[in-house]
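Trainee:
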Amino acid sequence: MTIPDARADEPPAAVGGFFGDEDDSLEALPEDAGPDTRLFDRHRVTAVLVAHDGARWLPRTLAALRALTLAPAHVVAVDTGSTDATPALLQAGVQGAVLRLSRETGFGAAVAAGVASLAPLEMAPPASPTADAAPVGWLWLLHDDSAPEPEALRRLLAVADSSPSIAILGPKVVGWSDRRRLVQVGLSMGRGGRRETGLERGELDQGQRDRVHDVLAVGSSGLLVRRDVFAELRGFDPALVLFREDLDLGWRANLAGHRVVVVPDAVVQHAEAMSHGRRRADAVGHSTRSADRRSALHVLLANEPARALPWLWVRLVLASLARALGLVLAKAPADAGRELLGAASVLLRPWRVVAARRFRRGQRRVSPSALRPLRPPRLSGLRHGIDAAVDLLSGRTDLSAGGSMLESGPTSDDVEPMDARGPGRVRALLGRPGVLVFLGLLLVALAAMRGLLYGPGVVRGGALLGAPGGAIDLWRSVGQPWHDVGVGSGAPAAASLVPLAALATLLLGKAVLAVDLLLLLAVPLSGLVAYLLLGRLVGGRWTRLAAAVGYALLPAVTGAVASGRLGTATAGWLLPLAGLLAVRSMGSPGVTRASGSWWAAWAAGLLLAVVAAFVPLAWPVAALLGLLGLPWAGVSWPGALARLFAILAGPMLLLAPWIGRLWRDPALFLLEAGVPSSSLTDPTLAPWSVALANPGGPGVPPVWATAGLLLAGSVGLLRADRRRAATAAWAVVVVGVALGLVGSSLRVTPPSLGVPVPVWPGLATLLVGGGLLVAATLAGQGARERLSGHRFGWRQPVSALVGLLGLAVPVLLGAAWLVRGAPDPLHRGPADVLPPFVVASSEVPTRPRTLVVASDAEGMAGYALVPASGRRIGDADVAPAAGSSGPLPELVADLLAGRADAERVGQLAGFGVAFVQLSAPVDPGLERAVDGVPGLSRVGAPTGSAVWRLDAPGVRVAVRDGDGTKVAVPTRGGTEPTAVDTVIEPGAAGRTLVLAEAADPVWRASLGGRPLTPLPPLDGWAQAFALPESGGRLVVEADGSVRRTWLVAQSVALAVVVLLAVPGRRRDDDVLDDDVDLPDGAAGPHEPDADAMVAP
Amino acid sequence: MRAPAPAAVWVAGLALLGGLVAIADTARPQPLAAGGGSVIDVDRVTLVCPAVTSIADVSVSTIAAAAEVGDGTLRLEPLGAEPSAAPLAQAAAGAAGLRYAVPPGPAAPRVLRATGQRARGLTATTTTRTADGSGRGISSGACTTSGNEHWFVGAGAVAGQRAYLHLVNPDAAAAVVDVTVFTASGPKRPTPGQGVLVAPGSEIVLPLDALVPGEAATVVQVRSRSGRVAASLVDTVVSGLEPGGVDWVPPTQPGDDLVVPGVPPAADATRTLQILVPGEEPTTVRLRLLTADGTIAPVGLDTIDVTPGQLVSVPLTAELASGALAVRLTAERPVVAGVRLVRSRSGTLPDLAYAAAAPALTVAGAVPVAVTGGPVATTLLLTNTTESDVAVRLTTRPWSGAAPSQTTVSVRAGTTQPVPVGVAAPGAAVVVEVAPGVIGVHAGWLWSETGARGPLVSGQPVLSGARQVVVPAVRPDPAAGLAG
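Top line first, the protein sequences correspond to chains Z and C. Each residue of the first sequence is one higher than the one before, starting from 76 at the first, in the working numbering. Each residue of the second sequence is one higher than the one before, starting from 174 at the first, in the working numbering.
(1) Do Z/Asp-265 and Z/Arg-450 have their C-beta atoms closer together than 9 Å?
(2) Applying the criterion that 16 or more other CB atoms from any shown protein chain within 10 Å of the CB defines a buried residue, is Z/Leu-400 buried or exposed?
(3) Do you know how far the Cα of C/Val-194 is from the Cα of Z/Pro-1076?
(4) Is the shortest distance between the beta-carbon of C/Ser-399 and the beta-carbons of chain Z less than 9 Å?
(5) Could you list the residues in the region 881-904 of chain Z with a C-beta less than 9 Å from some C-beta on chain C, going in chain order?
(6) On the DSSP bridge assignment, give the partners of C/Asn-557 in chain order.
(7) Looking only at C-alpha atoms, which of Z/Arg-284, Z/Arg-870, Z/Val-941, Z/Val-914 sits nearest to Z/Val-342?
(8) Does the distance from the CB of Z/Arg-616 to the CB of Z/Leu-755 come in under 9 Å?
(9) How many Å lie between Z/Val-248 and Z/Leu-216 at the Cα?
(10) Going by CA-CA distance only, name the one from Z/Val-173, Z/Arg-1066, Z/Gly-845, Z/Ala-724 that's closest to Z/Leu-1129.
(11) Would you decide whether Z/Asp-1149 is buried or exposed? Buried here means 16 or more other CB atoms lie within 10 Å of its CB.
(12) Roughly how many angstroms lie between the CA atoms of Z/Gly-584 and Z/Ile-547, to the nearest whole one?
(13) Taking Cβ-Cβ distances shorter than 8 Å, what residues in chain C pair up with Z/Leu-793?
(14) Taking contact to mean at least 3 C-beta pairs separated by less than 8 Å, is the region 827-835 of chain Z in contact with the region 784-795 of chain Z?
(15) Please classify C/Ile-135: is it buried, with 16 or more other beta-carbons within 10 angstroms of its beta-carbon, or exposed?
(16) List the residues that DSSP assigns as beta-bridge partners of C/Phe-325.
(17) Following a CB-centred definition, is Z/His-558 positioned closer than 8 Å to any heavy atom of the ligand ADP?
(18) Per DSSP, what kind of secondary structure is Z/Asp-1149 in: helix, strand or coil?
(19) State yes or no: is the C-beta of Z/Asp-312 within less than 9 Å of the C-beta of Z/Gly-417?
(20) With H, G and I counted as helix, E and B as strand and the rest as coil, what does DSSP make of Z/Trp-869?
(21) Can you tell me which of the three DSSP states Z/Glu-860 falls into?
(22) I'd like the list of long-range same chain contacts for Z/Ile-78, defined as Cβ closer than 6 Å, with 5 residues on each side in sequence excluded.
(23) Please return the same chain residues whose Cβ sits closer than 6 Å to the Cβ of C/Ala-639, not counting the five positions on each side in sequence.
(24) Taking contact to mean 3 or more Cβ pairs, one atom from each stretch, closer than 8 Å, check whether the region 560-576 of chain Z and the region 600-614 of chain Z are in contact.
(25) With DSSP as the reference, label C/Phe-355 as helix, strand or coil.
(26) With a threshold of 16 other CB atoms inside 10 Å of the CB of C/Trp-618, please say whether the residue is buried or exposed.
(27) In its own chain, which residues sit with a C-beta less than 7 Å from the C-beta of Z/Leu-372, not counting the 5 before and 5 after it?
(28) Measuring only the C-alpha atoms, how far is Z/Asp-1143 from Z/Trp-674?
(29) Listed from N- to C-terminal order along the chain, which residues in the region 304-336 of chain C have their beta-carbon within a distance smaller than 8 Å of any beta-carbon of chain Z?
(30) Can you list, in chain order, the residues of its chain with a C-beta nearer than 7 Å to that of Z/Arg-619? Leave out the 5 residues immediately preceding and following it.
(31) Quick check on the DSSP output: what are the complete beta strand (DSSP E) runs of length 3 or more inside the region 488-527 of chain C, in order along the chain?
(32) So, is C/Gln-706 buried or exposed, given that buried needs 16 or more other C-beta atoms within 10 angstroms?
(33) Would Z/Ser-238 pass as a contact of Z/Arg-117 if the rule is Cβ separation under 9 Å?
(34) Closer than 8 Å by beta-carbon distance: list the chain Z residues that pair up with C/Ala-646, in chain order.
(35) Does the pairing of the region 987-1002 of chain Z with the region 922-930 of chain Z give three or more beta-carbon distances under 8 Å?
(36) Less than 8 Å between C-beta atoms, sequence neighbours within five positions excluded: which residues of the same chain meet that for C/Thr-318?
As structure tokens, then:
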């Protein structure tokens, strides 16, 4: 038997590959103006129809067979033990024998049986490709739920006839009821075994895939295969009971040098009943998932080149574990088990792989690398993951289930088909406006943050303290019961450290990178999120684009970046996401699927918790907006209330005990994470500046820059057709303005500062800006069409002017940000100001501190006690209250007045101080005064600053005798500077153990195993213990048991909330049976009820 | 229900916004007051009275302190004394000050400690009259607080001239100081003057000729590296075997508008104005003489270009102005200045006196006059640098406890007014007061005697003792020093 080697005389067809961009080598069919009447006499087609409990679909399938303009010569029906009316239907609908097989028969076996029942083809294959008259036998495989359209077979044959090297052809498979929905146009297999269709989720057929091209495989429904090739390949792999046999066949055909093409002009409608679980796959027992996975791995291992196998094997083991973990997270533990079972049954039985490869031995004629263009790109799996996440967030998840998701947005350009003939995948990705917004804003951010992203040191300044070396340091801060800040603090760690530490862990432990990214990506991410979310509201791409850019560059966002406020910078993009999830969780009124979802509620709560950890005000604002919005939106009461409660309770659960501090002093809700400072706020902020979404402070553009926004936003109110949305947006604006005005009229005294600071209305102006932008977008949508409906008059010029002013806002904001740049007070510098020799001299067993003094613009001197490790992010949030440090303020004042004498300096040493530093720029008066203080010796210091060493340096832990003499006790070192584990000598009676730490019940000390009695605070602040005369092993430490208990409880709460917040795996019965039950045409994308999108 | 018209919604929305803003505008908070420092009354002062180097039988040396009457203590102790030890002298309650006759014996500095109201405006001097012998002359040295920068203009280290720098550390912590000596040829940092360790409660005496031998005129700067010291400089001249006079060089500080008050008359005397620019930039110094008749711009000396670091000597001859006067120097950059006077009549023994730039009086300055025997005449030289005449009130509080007496003197603008002060034994505290808010009255006092072997003279600026101290406002700031 001679098989024509197509590849020998044709250019390798692989160039026009499945994912390739080149046009394929095949000529598309001539534009058919009328019905094709060619008969293709030399081609003998035998249809093999496999049915299994398909009574539901079979009538239409059989009708379609009868309606074919070119019918197959024979039809062989194979029934695999159907229990419904299938056998009868087949008997009635098919002329010829109906094979009855057992229920357990797989598809491959059924086809094999059908083929075996045929008489062998009388004639040999053609001797040469040019032998026109030589007859060719074909098998046409059909499922009981796949209905070919009348021209299907003819068009397949037309292509088959055009090139003898083509051995397998597949039709374009579309939805059973919705013909516009593409199911597959050729198949390929990802490197992890994923069945790749190369289609977007829910991609609509607009002719974009309509070209004949080579693929790795085609689906088995409507698959046309040359009989001789089918025989040469020994049919389907018998090891594959169900699933993937079509992929395997195509792959093998390709490897054998045959061409596999898809003919989009031939259309088959397919219900995919099995993979949607609408009928049982009896051939593989109960678990379709396990069988599917088993088949996928089998096909991979059987067909990939041998040298790739070891690595592939390792990869598949890891991937299977990861998938199982993901399924557990998705609350489908049973599926996870099946997943593992399926993987194990292949991976742990290598002999079966060997057998499968033996089955293929001798078939391969083409190098596997020649098939590379037919395989999906390497990172396609990642891309699928991102797509899934975006879909999930934008509420488009269920679109893939049939395009019937009523609450989905308009078919935005994100799901618009890419031009399949476009110049490449990357370019296609770049062509998405959302990606463009992100990348463009990223470039702007990179330019504005010039000088911040490279160089020595870390990014800090304003409210931001430097990040520590690694994520582990952040986690340690979260866990430790005592913070080495000032005189020490036992306050619960800043809640904002947890998300930061989590992010740093994801970034391989790079805490500095986490902070840099949060600042750098604040603007681009805000833009991206705004763009995606606005898509739910309006259709106009340009309005949406401008609004997204405007939102990203709102003064609150750029101001937050400039002043190092991680909180508002993060809230800029996290809060809208939380809001969207909250809306999703409420369900949409007036829509059939209005029930809302619990997972969205928990996810919204989780995001709200993250935002509130940085900006606690977000919580009351969310409560206010939720309670205002709920009755107004008219959603179902009990369920919505419960979900609102979940959204609001989540943060309370996750942020305890940190948030308890805020409840005790509710004014602190108005501050945000980081260093509180009056210099970061404009104390003379005009009220109308809040209404213009400008919070004042460093890094904000001029107030007038956003004036156009207010104007354009107010026009949104004039849109009677979008009144509901516009009113909602304006409600947010009014709440934001009220909040900002109340906030900026208040002064809050952060405990660590002891003096009141003005409130920065960042979050409030974010709300104002967001609301105005939404209103402006509503105003802009379709404005041109509406205006053109009016006669030319005053409307057109006024609208054009308003539109221009509105569009100028993003441009102005961007220009202002670029010109000013993000730095100042944010800058790049050493994490702390201690000179290296001070740090080195402080890393001794006595663990002394440095008193750092800096005079500010108002002529006040700020001071801080700084340990050798310096100050790190999160420290300012736990800094001890100003009043908790005993006589320290008077000591510092005396020191700076030059009045301090040796006794006062001795008291200063009692705070564990060994060095005094005046930070640059040094006030010469202060420098002279401190120079003269006895007991201080000037030591060399970096230019601009001045450093003194105490002649009798302070220590952290000391034993004080009755007469006041102190003996230093060495500390254990490590990360707890005051922890002691040492042996002390016996001493006189009445001696005390003195810690240079604020008195706190968390301190525990024991001598020889016996706990020591705490004494009243020494000098009004310091922790002291009564020490007996005897010596022995002295142990001092902060008791972390309470903190640990909290951490365990919080971890459990977090795990629970995360589990609840992960969207549940789509249950198969949840996938709408729309393909059957809904009348044709009822499903599919439609114009959205946009107002329902905004209203919760 | 009919939906409202779009325009109505528009108006309502904007009105709501405007209303909110308008309400907020009326309730705008005041900006926070900037926190400055606070001014508090001095409640502790420690003065170091220099030890007299040549106590001989012929010397009578007295320490006198003028203080406010009120709460608190005023004690005189030997340097390094335990706090519990008995004081050398103690001000009685209600006394205007304290007077202590230094007994003959080894030279040792004394420390004057005042607390409470006694500390406010405390001033003290050591006065010594040596009628004969190598140290013949009268001298007066101010008791000074310890600090970290001291300047002395005058003294020299030529043959026959012995000057001693006394560095006293009254504190409980050691001090390390550097001594820089500026001469006509520039600054010198002699090795013996670098890193001088002054132990707590001790005194170090550095002979000037060990630092810069052969320099006729110097400016001495004492700067502490750590801790603080009280410094004083005494100048003694011996020509051959004859005594050439002795006096303490008054301490001074750099400034760009200086007044050297209390320059004695030119009769029988050589007066030399010495100017130094300590910085790096050359400076033109503008000179004015404030005499009893008014302010004079001295011919040819109207402006003087001074090279930085080099000491300039300008003779203040009788041709320029013969009477007692004050010198005012203005420059763009800080300068230090003082006047050295050698008073001698032919055939008699000379004596030295110094004057140095001193700050204007704030409210009150006191001259503790200790009568040391002999026919000593005390003269106050009041200089008014303001634009208008100023009334100055003089209160004399005798040590004896007798009732104080008061007079008021009017000093014309731009003049120097000599006012003789008559003080009966055992002396008195003379308080010089100007009305609050008047800044620009400087005072010096002269102390002279027509001795049998020649005139004796000494002088000193009248100083306002520290009454108040500025304590900077401090607040905890977790991010202190991280702003920049």
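No residue lacks a Cβ here, since even glycine has one placed at the ideal position from N, Cα and C. Since the structure is predicted, the reported quantities are computational estimates derived from the model, not experimental observations.
Mentor: Taking the definition as stated:
(1) Position 190 of the first sequence, counting from 1, holds the residue named residue 265 of chain Z. Position 375 of the first sequence, counting from 1, holds the residue named residue 450 of chain Z. Here residue 265 of chain Z turns out to be Gly, not Asp, going by the sequence shown. Closer than 9 Å, so yes.
(2) Within the first sequence, numbered from 1, the residue matching residue 400 of chain Z stands at position 325. By the neighbour-count rule (16 or more Cβ atoms within 10 Å), Z/Leu-400 is not buried but exposed.
(3) Along the first sequence, read from residue 1 onward, the residue named residue 1076 of chain Z stands at position 1001. Along the second sequence, read from residue 1 onward, the residue named residue 194 of chain C stands at position 21. Looking at the two C-alpha atoms, the distance is approximately 48 Å.
(4) Position 226 of the second sequence, counted from the first residue, corresponds to residue 399 of chain C. It does: the Cβ of C/Ser-399 has a partner Cβ on chain Z nearer than 9 Å.
(5) Against chain C - using a Cβ distance shorter than 9 Å - the residues of the region 881-904 of chain Z are Pro-900, His-902, Gly-904.
(6) Here residue 557 of chain C corresponds to residue number 384 of the second sequence, with the count starting at 1. Paired residues: C/Val-614.
(7) Counted from its first residue, the first sequence places residue 342 of chain Z at position 267. It is Z/Arg-284 whose Cα lies nearest to the Cα of Z/Val-342.
(8) Here residue 616 of chain Z refers to the residue found at position 541 when the first sequence is read from its first residue. Here residue 755 of chain Z refers to the residue found at position 680 when the first sequence is read from its first residue. Result no, Cβ atoms of Z/Arg-616 and Z/Leu-755 do not sit closer than 9 Å.
(9) The residue you call residue 248 of chain Z lines up with position 173 of the first sequence. The residue you call residue 216 of chain Z lines up with position 141 of the first sequence. C-alpha separation (whole angstroms): 13 Å.
(10) Numbered from 1 along the first sequence, position 1054 holds the residue referred to as residue 1129 of chain Z. With distances taken between Cα atoms, Z/Leu-1129 lies closest to Z/Ala-724.
(11) As a first step, residue 1149 of chain Z is located in the first sequence; it is residue number 1074 there, counting from the start. With a pLDDT of only 35 at Z/Asp-1149, under the threshold of 50, the placement of this residue in the model should not be trusted, and no figure is reported.
(12) On the first sequence, position 509 is the one that residue 584 of chain Z refers to. On the first sequence, position 472 is the one that residue 547 of chain Z refers to. Looking at the two C-alpha atoms, the distance is approximately 7 Å.
(13) Against the first sequence, residue 793 of chain Z aligns to sequence position 718. Neighbours of Z/Leu-793 on chain C, chain order: Pro-179, Ala-180, Val-182, Trp-183.
(14) no
(15) Outside the shown range of chain C (174 to 657) lies residue 135 of chain C, about which nothing can therefore be said.
(16) Position 152 of the second sequence, counting from 1, holds the residue named residue 325 of chain C. Beta-bridge pairing links C/Phe-325 to C/Val-393, C/Pro-424.
(17) The model on display carries no ligand, and the ligand ADP is accordingly not part of it.
(18) As a working mapping, residue 1149 of chain Z is identified with position 1074 in the first sequence. For Z/Asp-1149, the pLDDT reaches just 35, beneath the cut-off of 50, and the residue's location in the model is therefore unreliable, leaving the point undetermined.
(19) Locating residue 312 of chain Z in the first sequence gives position 237, counting from the first residue. Locating residue 417 of chain Z in the first sequence gives position 342, counting from the first residue. Taking 9 Å as the Cβ cut-off, Z/Asp-312 and Z/Gly-417 do not qualify as a contacting pair.
(20) Position 794 of the first sequence, counted from the start, is the residue given in the question as residue 869 of chain Z. In the three-state reduction of the DSSP assignment, Z/Trp-869 falls in the coil class, being assigned neither a helical nor a strand state.
(21) Within the first sequence, residue 860 of chain Z is the residue found at index 785, counting from 1. Reduced to three states, the DSSP call for Z/Glu-860 is helix.
(22) For the purposes of this step, residue 78 of chain Z is identified with residue 3 of the first sequence, where counting begins at 1. Model confidence at Z/Ile-78 stands at a pLDDT of 38, short of 50, so the residue's coordinates are unreliable and nothing is read from them.
(23) Here residue 639 of chain C refers to the residue found at position 466 when the second sequence is read from its first residue. Val-215.
(24) no
(25) Here residue 355 of chain C refers to the residue found at position 182 of the second sequence. In the structure shown, the three-state DSSP call for C/Phe-355 is strand.
(26) Your numbering for residue 618 of chain C matches position 445 in the second sequence. Classification for C/Trp-618: buried.
(27) Within the first sequence, residue 372 of chain Z is the residue found at index 297, counting from 1. So the list reads Gly-268, Leu-391, Ala-418, Val-421, Leu-422, once near-sequence residues are dropped.
(28) Against the first sequence, residue 1143 of chain Z aligns to sequence position 1068. Against the first sequence, residue 674 of chain Z aligns to sequence position 599. Only weak support exists for where Z/Asp-1143 lies, its pLDDT of 39 falling under 50; the value from the coordinates is given anyway. Going from the Cα of Z/Asp-1143 to the Cα of Z/Trp-674 covers about 18 Å.
(29) Ser-319, Gly-320, Asn-321, Glu-322
(30) Position 544 of the first sequence holds residue 619 of chain Z. Same-chain partners within the cutoff: Tyr-606, Leu-609, Gly-610, Val-613, Thr-852.
(31) 498-516
(32) For residue 706 of chain C there is no data in the structure shown, the boundaries of chain C being 174 and 657.
(33) As a first step, residue 238 of chain Z must be located in the first sequence, where it is residue number 163. As a first step, residue 117 of chain Z must be located in the first sequence, where it is residue number 42. In this structure, Z/Arg-117 does not lie closer than 9 Å to Z/Ser-238 by Cβ.
(34) Looking up residue 646 of chain C in the second sequence gives position 473. Chain Z residues near C/Ala-646: Gly-934, Met-935, Ala-936, Ala-968.
(35) At 8 Å Cβ cutoff, the stretches touch.
(36) Against the second sequence, residue 318 of chain C aligns to sequence position 145. Taken in chain order, the residues that qualify are Val-218, Thr-219, Leu-220, Val-221, Ala-403, Ala-639.
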